[in-house]
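Protein sequences appear in the order of chains S and R. Residue 11 in this note's numbering sits at position 11 of the first sequence, and the numbers go up by one each step. One gets this note's numbering by counting positions in the second sequence from 1 and adding 1000 to each. Built from N, CA and C at the ideal position, the CB exists for glycine as well. Report on one structure; see the data block that follows.
2 protein chains.
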Amino acid sequence: MKNKDYEPLLERKGLKKTKIRIALLRHFIKMEHAQSYRDLQAALANEFDKSTLYRNLGAFEQAGLIHGINDHSGITKYAFGKAPIQGKEHAHFVCDRCETVYCMNDLTPLQFDVPKGFKTNQVQTIIRGICADC
Amino acid sequence: MKNKDYEPLLERKGLKKTKIRIALLRHFIKMEHAQSYRDLQAALANEFDKSTLYRNLGAFEQAGLIHGINDHSGITKYAFGKAPIQGKEHAHFVCDRCETVYCMNDLTPLQFDVPKGFKTNQVQTIIRGICADC
DNA sequence: TTACAAATGCAACTAAGTTGCATTTGTATT
DNA sequence: AATACAAATGCAACTTAGTTGCATTTGTAA
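Right under this line is the structure:
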């Protein structure tokens, strides 16, 4: 994906093309692991304010450009792509040693039968273990 | 389960029988929903220090008496019972309206085939939706 | 080029969770 | 019952994630 290719993504979502958004998109597309606030701040060389970064993460998530992942660390991490919905789940693998978060796009979709009266909107699965690099 | 019944749980784990531990155990056993730090602090009438409470949550979790659950709120919640292990998962249902966290003990166990080189330790599933009370 | 909504930067704030250390308490031993 | 020691508590100070209000700046459409 070339730099110019993802700028239309912003327009399509009604988001203005600002410096941080271009930088964020470019970064998310090339990163294969989920990114925490700190990862992102470092990757962007602390060029932008904390609130600006958080607000844009929120905007991107709402627009379905990225999705948040919550593991036992208590720190939200973000990865490129829409949030999982039922029937189209993708699981996340968190390495207990290096803490890297992988998106496992190709795992078999799951079906959950929740009790009567419960309505499912989305399903997120966190698999903890040791990754191939560790 | 009577009050005296769960005190042996502490001894068996090598944990001293202190006031906060008895109170915590009693509370966890009767609560059907997962509890946040704030829930617990309120239930215990702010009788104990923040650090004491957190340290005991850690000790209980390590002993397998409770397990932590992390949803999109970023706030860890705890529920009675051991953490899910592969083949014996139980999923958690988080209501998007009232934020209550339910343990769904009776959902079908899942099998995940992770890529080569990855080793699974435990699987946690968060189902988001609307609960029966909402 | 103008004009306005949307986005940014700044500063101040809230709240979760942690840590070091002095004091207290549960329990095992005599 | 007294002692003795490790483990647990309380306190205070701290770190860091994430939020909010507001004045200023900027992207885009007219």
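_Output needed for R55 (chain S): all residues of its chain with C-beta closer than 7 Å, excluding positions within five of it in sequence on either side, in chain order._
none
*Along the chain, which unbroken stretches of the alpha helix (DSSP H) at least 4 residues long are found entirely within the region 32-118 of chain S?*
For the region 32-118 of chain S, the continuous alpha helix (DSSP H) assignments of 4+ residues that do not extend past its boundaries occur at 37-43 and 50-63, in sequence order.
*Beta carbon of H92 (chain S): closer than 7 Å to some heavy atom of the ligand HEM?*
Absence of the ligand HEM is noted for the structure shown, with no ligands found whatsoever.
_Just to confirm my understanding: we take C1098 (chain R), look at its own chain, exclude 5 residues before and 5 after, and list those with CB closer than 6 Å. What are they?_
C1134
*asked:* Between H72 (chain S) and chain R, is any beta-carbon pair separated by less than 8 Å?
replied: yes
*Classify D1113 (chain R) as buried or exposed, calling it buried when 16 or more other Cβ atoms lie within 10 Å of its own Cβ.*
Looking at its Cβ environment, which holds fewer than 16 other Cβ atoms inside 10 Å, D1113 (chain R) is exposed.
*When DSSP builds the beta bridges, which residues end up paired with I127 (chain S)?*
S:F93 and R:V1123
*Measure from the alpha carbon of K119 (chain S) to the alpha carbon of each residue in R:F1118, R:K1119 and R:I1127, then state which is nearest.*
R:I1127
_Using a Cβ-Cβ distance cut-off of 8 Å, determine whether R1097 (chain R) contacts chain S._
Under the 8 Å criterion on CB atoms, R1097 (chain R) is classed as non-interfacial with respect to chain S.
*asked:* Looking only at its chain, what residues have a beta carbon closer than 6 Å to the beta carbon of F1093 (chain R), apart from the 5 residues adjacent to it on each side?
replied: Y1102, M1104 and I1127
*What three-state label does DSSP hand K16 (chain S) in the structure shown?*
coil
*Can you check whether the CB of N1070 (chain R) is closer than 8 Å to the CB of D71 (chain S)?*
yes
*Run down chain S in chain order and give the residues with a C-beta less than 9 Å from the C-beta of M1104 (chain R).*
F112, V114, P115 and F118
*At 9 Å on the CB atoms, spell out the chain R contacts of I127 (chain S), in chain order.*
Q1086, F1112, V1114, F1118, T1120, N1121, Q1122, V1123 and Q1124
*Cβ of G1068 (chain R) less than 8 Å from any chain S Cβ?*
Output row for G1068 (chain R): interface = yes.
_Alpha carbon of I1075 (chain R) to alpha carbon of E7 (chain S), nearest angstrom_ = 34 Å
*Using DSSP with H/G/I as helix, E/B as strand and the rest coil, what is K1002 (chain R)?*
Annotation note: pLDDT 49 at K1002 (chain R) (below 50); position unreliable, coordinate value reported separately. Coil.
_Simplified DSSP state of A23 (chain S), which is helix, strand or coil_ = helix
*Pull out every residue of the region 24-39 of chain S whose Cβ sits closer than 7 Å to any Cβ of chain R, in chain order.*
none
*Closest Cβ-Cβ distance between F1080 (chain R) and chain S: below 8 Å?*
no
_So the candidates are S:S36, S:F48, S:K50 and S:A59; which of them puts its Cα closest to the Cα of S73 (chain S)?_
S:S36
*asked:* Taking the straight line between their C-alpha atoms, what separation do you get for E1061 (chain R) and L1009 (chain R)?
replied: 13 Å
_Assigned secondary structure, L1009 (chain R) (DSSP; H/G/I helix, E/B strand, else coil)_ = Judged by DSSP in its simplified three-state form, L1009 (chain R) adopts helix.
*Pick from S:T100, S:C131, S:H90 and S:A132 that is closest to T1125 (chain R), judged by C-alpha positions*: Out of S:T100, S:C131, S:H90 and S:A132, S:H90 has the C-alpha closest to the C-alpha of T1125 (chain R).
*Confirm, please, whether the CB-CB distance from A1045 (chain R) to L1015 (chain R) is below 8 Å.*
At the C-beta level, L1015 (chain R) and A1045 (chain R) stay beyond 8 Å of one another.
_C-beta neighbour in chain R for T100 (chain S), strict 8 Å_ = no
*Out of curiosity, what's the CA-to-CA distance linking L1057 (chain R) and V123 (chain S)?*
The alpha-carbon atoms of L1057 (chain R) and V123 (chain S) are separated by roughly 27 Å.
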